[in-house]
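Written as structure tokens, this is what we have:
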């Protein structure tokens, strides 16, 4: 089970930058009470651990026969799958026969490199878009669709769609061309969808049992509504982070795991937190970080820069490799002291030292502790962070499931690209391009 | 040549969130005048484009005979090399015979995977540490050193050191064991060292001519002290970013390139900016971002969250792949409009639409424009951002070349690991571990 250490956010440890236990517990109780009213249907993600995965497993069985598996998707349709790939099958494409590419950005160069590397005949393409109208995903889908057809290959053998159960462009095409499809449950929105077929199909393809992910998530889901605070760490975390913003004006939340395998989880969490809470002038900026790497990059700023951050460590007890650093160069003190320790001791000691250094400088920090990195724990982490984020949204009084602020940019893109119904926006782009620029 | 568009930071475009041209130009002039006094010897990095690279080229020639090239280094010794690898040789390890691993973090699992993949006999290890005392780098060096010797291989054939010219542990070992070595110039500090052997050796190994990088950087260096503002975009950028903090309290600087190949440049820049400026309570938080990806992650927060950000776009005119999106599914409007455009048009239109959307919501943003991504332009970008950062440091009145805030964490690590002279810190760690924790 995941544990949460919030000692270094308390007044008794860091003085006036800290919070009192009573403040934290009051807000934590409030978050549970708000959640219990189930004010949004999108809270259905909490029930995902109880789904039936037989259809996913069946399609994955077939998918494992292909040498290349490509995910086309962006945002919630890419970040979750990427966490699963990098956390649970690191260096996948150098170590394993099934190579996986997650093409999210519409970068033309990346596209070119991927098609140079793959063999289309041995490639299965999983197109993921809840709405079926994501411009980036559809653009790359069209390119692959044409290539598959130009080579006289059967689209039914080379595509799997993951999309809405009832509507959208992908649903229409799937019906017309009999493309195998998986459904994203109606009430689950993109950034909370990693535990749907969005993430679970890829998991199964790379050999991760979806039931292990769900089993881990289930332990967390079962605690979401518990009023006994000692059984509800999500409520504590949501409360602390919310109060750090509201009472202490700390507007940057650094997510800092000490494991390369969790680097992409930082990015996944940053989408979840930013898009869920950043509205109505509210929310904080989640910062994707990595230890020990960022001790040599960001720590200086955290220690001596503006007083605007909360650091959330993720520490891993067992990294799964215990080889000792050899005892060599005894006469050189700068090397001698390392001998006899393991890399695990070093990375975990650095995590501890950084947490201590921050505390000694009165900088608020917290720690999520996990025993190791495996599918069960990754499932727990996903659900833990998703529920925490939803709870924080309820404390802020915002809808944690919409993203109205991205519509304007989409409309302008549609206008510039000539989509029907967006002619006004097209004109606006044209006028913008005519403006005088201050440029050197 | 790199261009800078700062229209969307001006009052006439974004109202009271903006700056006046006269404010910007006054501060820009000040930054040039401060730089011209050359107040720090570490400004020597500006002269790096004029170095002789013959020794680097000679060692690289030999290095290209190995199948695996491993960089051991962290912070400035890893981030710069990683930019070169990913910007100039994308998917290197899937496409090319010379595989490169940059092992920075002391993650035990990553170490295990790398040694499973490589063949030690065919591996050259470049150990990079200016001081020669970086714990992470030395720990992994010791593990590789032992493995090389256990296999009765010649250390002189499998290691290259990149370190200080005069002192430090690596220098001592290099002298004793005749390890081929390259020097990091005395006055150049880690995060400004990518254009020294730190980055240039790797460049040559992956087939990038170091003189092209330096040629690009030279064009920028030659403009560093120019008082004619139209020839000094670095002064404009430093001035705008400094004033956005000082006058508008915008404490988060989002670095947002629209190209996968520049994703790691975001991370490199974030070290440069954070460690150079984050001191004495000053500085802003540089945020590593990527377009279009983060339009589906962070844009919601930028558009409707707290008013604390400046967005710095990097847009790329030519992405080097012009294939058209096919015109298929004419009857589905959600797909029809994409046909006939290229991915390049789409990604660049999205960049433009996002910049417009931010401007329409009065959010300050700026844009660096580059014609394409190649070694010349990457050299320019490095030097452009390094000089801008140093200038910003001078405007803030801080020393942009030190990092006093990371010392405490290092001392505590030394203490916990049993390094001589750090017994007090060792005790502090022990006492810390005995404290009561608030943990659930």
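Protein chains in written order, with the working numbering: chain Y, 1 to 440; chain X, 1001 to 1440.
From the three backbone atoms N, C-alpha and C, an ideal C-beta is built for every residue, glycine too.
- Secondary structure of residue 1126/X (DSSP, three-state): strand.
- Residues of chain X whose Cβ lies closer than 8 Å to the Cβ of residue 16/Y do not exist, since the nearest Cβ in that chain is about 16 Å away.
- With 16 or more other CB atoms across the displayed protein chains lying within 10 angstroms of its CB, residue 380/Y is buried.
- When 138/Y, 325/Y, 235/Y and 313/Y are compared, the shortest CA-CA separation from residue 390/Y is found for 235/Y.
- The beta carbon of residue 278/Y falls within 7 Å of a beta carbon belonging to chain X, placing the residue at that interface.
- A check of alpha carbon separations from residue 1308/X across 301/Y, 250/Y, 298/Y and 168/Y identifies 250/Y as the nearest.
- Note that the C-beta distance between residue 366/Y and residue 9/Y is below 7 Å.
- Here residue 151/Y is exposed, its C-beta having fewer than 16 other C-beta atoms within 10 Å.
- Distance check between residue 161/Y and each of 388/Y, 363/Y and 59/Y places 59/Y closest, using alpha-carbon atoms only.
- Restricting attention to 1338/X, 1329/X, 1176/X and 1258/X, the CA atom closest to the CA of residue 1355/X is found in 1258/X.
- Just so you know, the alpha carbons of residue 428/Y and residue 416/Y end up roughly 9 Å apart.
- When secondary structure is reduced to three states using DSSP, residue 1437/X falls in the coil class, being assigned neither helix nor strand.
- Under DSSP, residue 1374/X takes part in no beta bridge, so it has no partner.
- Excluding the 5 residues flanking it on each side, residue 11/Y has same chain C-beta neighbours closer than 8 Å at 18, 19 and 20, in chain order.
- Residue pairing by DSSP places residue 1382/X opposite no residue, since no beta bridge is assigned to it.
- Neighbourhood of residue 1420/X in chain Y, by CB distance below 9 Å: 333, 336 and 337, in chain order.
- Taking C-alpha positions only, residue 78/Y is separated from residue 202/Y by approximately 11 Å.
- Within chain X, the C-beta atoms nearer than 7 Å to that of residue 350/Y come from 1413, in chain order.
- For residue 311/Y, the closest alpha carbon among the candidates 285/Y, 25/Y and 320/Y is that of 285/Y.
- Interface annotation, residue 406/Y: in contact with chain X, CB-CB separation under 7 Å.
- Going by C-alpha positions, residue 1273/X is about 42 Å away from residue 39/Y.
- Counting every other CB atom within 10 Å of its CB across the protein chains shown gives residue 230/Y a total below 16, marking it as exposed.
- Close CB contacts of residue 1199/X within its chain, under the 7 Å cut and outside five residues either way in sequence, are with 1080, 1081 and 1084 (chain order).
- The Cβ of residue 296/Y sits closer than 7 Å to at least one Cβ of chain X.
- Collapsing the DSSP output to three states places residue 1308/X in coil.
- Per the C-alpha coordinates, the member of 1007/X, 1049/X and 1122/X positioned closest to residue 1062/X is 1122/X.
- If you check the CB distance, residue 1220/X and residue 1321/X do not come in under 7 Å.
- Between residue 1082/X and chain Y, the shortest Cβ-Cβ separation is not below 7 Å.
- For the C-beta of residue 90/Y, the chain X residues within less than 9 Å are, from N- to C-terminus, 1109, 1110 and 1113.
- Short of 6 Å from the beta carbon of residue 265/Y, and not among the five residues preceding or following it, lie these beta carbons of its own chain, in chain order: 83.
- Beyond the five residues adjoining it in sequence on each side, residue 330/Y comes within less than 6 Å, by CB distance, of 336 in the same chain, given in chain order.
- Under DSSP, the beta-bridge partners assigned to residue 1367/X are 1005/X and 1313/X.
- Near chain Y, meaning a CB-to-CB distance below 7 Å, the residues of the region 1295-1318 of chain X are 1295, 1296, 1297, 1298, 1299, 1300, 1301, 1303, 1304, 1305, 1306 and 1308.
- The alpha carbon of residue 1106/X has as its nearest neighbour, out of 419/Y, 292/Y, 314/Y and 353/Y, the alpha carbon of 292/Y.
- The beta carbons of residue 252/Y and residue 64/Y sit no closer together than 7 Å.
- Proximity of the region 95-110 of chain Y to the region 163-179 of chain Y falls short of the contact definition, fewer than three beta-carbon pairs being nearer than 8 Å.
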